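All remarks here apply to the structure that follows.
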Amino acid sequence: MRVLYFAWVREAVGVDEEQVAPPAEVVTVADLVAWLSGRSEGHARAFADRSRLRAAVDQAFVPLDASVEGATEVAIFPPVTGG
Amino acid sequence: MRVLYFAWVREAVGVDEEQVAPPAEVVTVADLVAWLSGRSEGHARAFADRSRLRAAVDQAFVPLDASVEGATEVAIFPPVTGG
Amino acid sequence: MIRVRVSPEPIDMATELAGVEAAGAGGVASFTGIVRADDGVELLELEHYPGATEAALTRLTEEAIARWGLLAASVVHRVGSMLPGERIVLVATAAPHRTAALDACAFLIDRLKTDAPFWKRETRAGGRRWVDARDADDAAARRWD
Amino acid sequence: MIRVRVSPEPIDMATELAGVEAAGAGGVASFTGIVRADDGVELLELEHYPGATEAALTRLTEEAIARWGLLAASVVHRVGSMLPGERIVLVATAAPHRTAALDACAFLIDRLKTDAPFWKRETRAGGRRWVDARDADDAAARRWD
């Protein structure tokens with residue numbers, strides 16, 4: 001599974017994307033975020049406040065309780081601010 | 001008093017403006033229109049249906065029962081269709 | 001910045017919008033009325049009431065500036081003869097926020113249609129005729145009362 | 001005609017609007033978002049999610065075309081670094097009637113702000129910081145539900 005980070009999430013994690021293989025108990029985006037938090041201090045800092053995180057699974061915006069099962073690409077980022 | 005005509009009113013009357021000196025009993029735009037109707041067949045045709053006429057007195061839109069007393073310029077025209 | 005112009009010259013979008021954008025606002029809205037290419041009109045002629053038309057447009061534009069706190073507004077209306085695809089009118093507004101710019105733009109084009117002395121004549125295969133005023137335009141203008 | 005573009009290139013108004021005007025509709029509305037020159041921002045940077053951003057803008061534009069019967073719609077968003085006075089985004093819509101063009105334009109800019117993955121970072125004298133999402137933008141987007 002490819003995980004992408006944007007904006008300050010990307011800066012805190014320290015990379016803009018990484019390839020990961022989460023264990024079977026990672027079912028939702030929230031599970032994935034919790035599991036990724038253990039990878040580094042940067043991940044932990046980026047994911048400390050879940051209320052500030054948004055996600056997309058295979059490029060579609062989803063709530064954090066959405067499933068990541070079978071996903072090829074998950075993106076984690078702050079609320080969007082375009083326009 | 002200078003009277004201006006626009007669009008099909010101008011075409012029916014046959015001139016785009018004329019200088020007139022209406023008698024004292026001409027008080028409102030409607031009075032002026034009635035009095036002008038006697039000047040020619042073209043005027044009569046232009047002013048036959050009052051519901052299709054609009055007016056401005058000294059360049060401000062007014063209803064047909066508005067006064068023309070003291071006016072220097074009165075315009076008579078169809079409903080506007082700009083934009 | 002306020003700009004009102006009634007002229008037989010073609011309307012140049014880049015020039016007109018640049019003037020409004022230069023006000024430094026966050027948002028610029030515009031509406032352009034164009035001679036439709038799809039309903040059989042071959043020529044459109046616009047007549048106006050010189051002096052009174054410019055005065056009416058200036059009053060409207062000043063009202064929009066005051067009501068929506070615009071930083072700039074421009075109303076440019078063409079008169080004379082126009083072909084399908086040519087621009088008849090451009091309204092552009094600049095405001096700190098997008099809703100103000102868009103609402104003021106809608107106000108200006110709606111009210112211009114009922115408050116400014118212009119008259120349209122169309123030439124089609126069937127001949128040349130003055131365009132009738134539309135009740136829908138009166139209703140659109142009244143929503144800003 | 002539908003056009004969606006996300007690019008670091010400056011936005012050229014004349015070119016973009018000409019594409020929408022060419023659809024032959026009676027009315028073209030546009031909204032341009034500009035880096036404000038009056039609130040201390042020295043540089044604005046825009047990051048996006050390549051692929052997902054274009055897909056989101058295309059979905060939104062198709063929704064606007066279907067909902068308002070547009071003849072053309074264009075959404076052009078700049079990414080990378082921008083200075084005060086430079087254009088960030090242009091939305092343009094063409095429709096037979098002005099209300100459809102203006103409403104669709106408002107819909108597109110409101111929903112773009114909540115539905116398309118872009119992130120802004122501002123540089124001011126005090127430093128560089130990511131812009132927070134605004135509750136007012138969520139409310140503006142919801143009025144189209």
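Residue numbers (this note's numbering), protein chains in the order written: chain V, 1 to 83; chain W, 1 to 83; chain L, 1 to 145; chain G, 1 to 145.
For every residue, glycine included, the Cβ atom is placed at its ideal position computed from N, Cα and C.
Computed from a predicted structure; not experimentally measured.
Through-space distance from residue j to residue i, alpha-carbon basis
i, j, result
"L/R78", "G/T53", "39 angstroms"
"W/W8", "G/F107", "40 angstroms"
"L/V76", "W/D58", "23 angstroms"
"G/D137", "V/G82", "10 angstroms"
"G/E62", "G/I2", "8 angstroms"
"V/P23", "V/A55", "19 angstroms"
"G/A56", "G/A116", "6 angstroms"
"W/G38", "G/P96", "44 angstroms"
"W/M1", "G/G27", "40 angstroms"
"G/L70", "L/R121", "26 angstroms"
"L/R128", "W/A44", "22 angstroms"
"G/D38", "G/A29", "26 angstroms"
"W/V20", "G/A66", "57 angstroms"
"G/W68", "V/E73", "34 angstroms"
"G/D110", "L/A23", "22 angstroms"
"G/D135", "L/T123", "51 angstroms"
"L/G51", "W/E11", "21 angstroms"
"G/R143", "L/V6", "37 angstroms"
"L/S74", "L/G19", "8 angstroms"
"V/T42", "L/D145", "Per the sequence presented here, residue 42 of chain V reads as Gly, with Thr not at that position. About 57 angstroms."
Proximity below 8 angstroms, CB of residue i to CB of residue j
i, j, result
"L/W119", "W/V80", "yes"
"G/A101", "G/T114", "no"
"L/L60", "L/L17", "no"
"V/V68", "V/L32", "yes"
"G/A14", "L/A14", "yes"
"L/A25", "L/A72", "yes"
"G/E47", "V/F6", "yes"
"L/A141", "L/A104", "no"
Cβ neighbours of residue i in the same chain (closer than 6 angstroms, five flanking residues each side left out)
i, result
"L/L90", "I11, E16, T32, V76"
"V/V26", "L32, W35"
"L/P8", "V79, G80"
"G/D132", "none"
"V/L4", "E17, A75"
"G/Y49", "P117"
Proximal residues to residue i (C-beta, below 8 angstroms), its chain only, five neighbours per side dropped
i, result
"V/L53", "V9, V33, F47, L64, I76, F77, P78"
"V/A30", "R50, L64, D65"
"V/A71", "M1, V57, D58"
"L/R98", "G26, G27, A29"
"W/T28", "L64, D65, A66, S67, V68"
"W/S40", "V13, G14"
Nonlocal neighbours in the same chain, by C-beta distance under 7 angstroms from residue i, ignoring five residues either side
i, result
"L/V35", "V41, L44, M82, L83, P84, G85, E86, I88"
"L/T58", "V4"
Check: residue i C-beta below 7 angstroms from any heavy atom of the ligand PLP
i, result
"V/E18", "As for the ligand PLP, it is missing from this structure, which has no ligand bound."
Exercise for review: Report yes or no: do three or more beta-carbon pairs, one from the stretch 50-66 of chain V and one from the stretch 13-29 of chain W, lie closer than 8 angstroms?
Suggested key: The stretch 50-66 of chain V makes no contact with the stretch 13-29 of chain W: fewer than 3 CB pairs, one atom from each, lie closer than 8 angstroms.
Practice item. Would you mind listing the beta strand (DSSP E) stretches within the stretch 8-59 of chain V that are 3+ residues and don't spill past its ends, in chain order? Key: Listed in chain order, they are 17-19, 54-57.
**Study point:** Contained alpha helix (DSSP H) runs [length at least 4] in the stretch 43-90 of chain G, N- to C-terminal order
**Key:** Counting only runs of 4 or more residues that sit fully inside the stretch 43-90 of chain G, the alpha helix (DSSP H) segments are 52-68, in chain order.
Exercise for review: Report the residue ranges of all alpha helix (DSSP H) runs contained in full by the stretch 1-26 of chain G; include only those spanning at least 4 residues, in chain order.
Suggested key: The alpha helix (DSSP H) runs of length 4 or more contained entirely in the stretch 1-26 of chain G are, from start to end of the chain, 13-21.
**Study point:** Contiguous alpha helix (DSSP H) assignments of at least 4 residues, all confined to the stretch 88-127 of chain G
**Key:** With a minimum length of 4 residues, the unbroken runs of alpha helix (DSSP H) contained wholly in the stretch 88-127 of chain G fall at 98-115.
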